[in-house]
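Notes to accompany the following structure.
Residue numbers (my numbering): 11 to 101.
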């Protein structure tokens with residue numbers, strides 16, 4: 011699974027804003043081939059997520075990530091991603 015293949019499904023679940031009231035990060039359901047499979051963390055309205063927790067074709071949880079100097083995921087953001095995943099996909 012490649013994070014570039016994930017597509018945002020519907021509206022964002024949670025959005026965080028900067029002091030100018032502009033969105034700087036958001037959490038949203040993501041899907042693959044029109045089926046919701048996980049939750050992702052997006053930054054600065056990027057098309058591709060920075061990190062995502064998804065269920066792969068074998069039924070295993072997978073963490074997909076891509077970090078660089080401008081896009082990274084803090085521990086608290088990763089904890090929030092996990093919390094939202096557990097809310098959206100209860101076992």
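All C-beta atoms in this analysis are idealised placements derived from N, C-alpha and C, irrespective of residue type, glycine included. Please read all numbers here as calculations on a predicted model, not as lab measurements.
When beta bridges are read from the DSSP output, residue 20 appears opposite no residue. With a minimum length of 3 residues, the unbroken runs of beta strand (DSSP E) contained wholly in the region 40-89 fall at 45-53, 61-65, 71-75. Between residue 91 and residue 49, the CB-CB gap stays under 8 Å. Per the coordinates, the alpha-carbon of residue 64 lies some 32 Å from the alpha-carbon of residue 30. By the criterion of a C-beta distance shorter than 7 Å, residue 20 is surrounded in its chain by 39, once the five residues flanking it on both sides are discounted.
Excluding residues up to 5 positions away in sequence, 81 lie with their Cβ nearer than 8 Å to the Cβ of residue 56 in the same chain. When DSSP states are grouped into helix, strand and coil, residue 14 belongs to the helix group. Checking the DSSP bridge columns, you'll see residue 33 partnered with 27.
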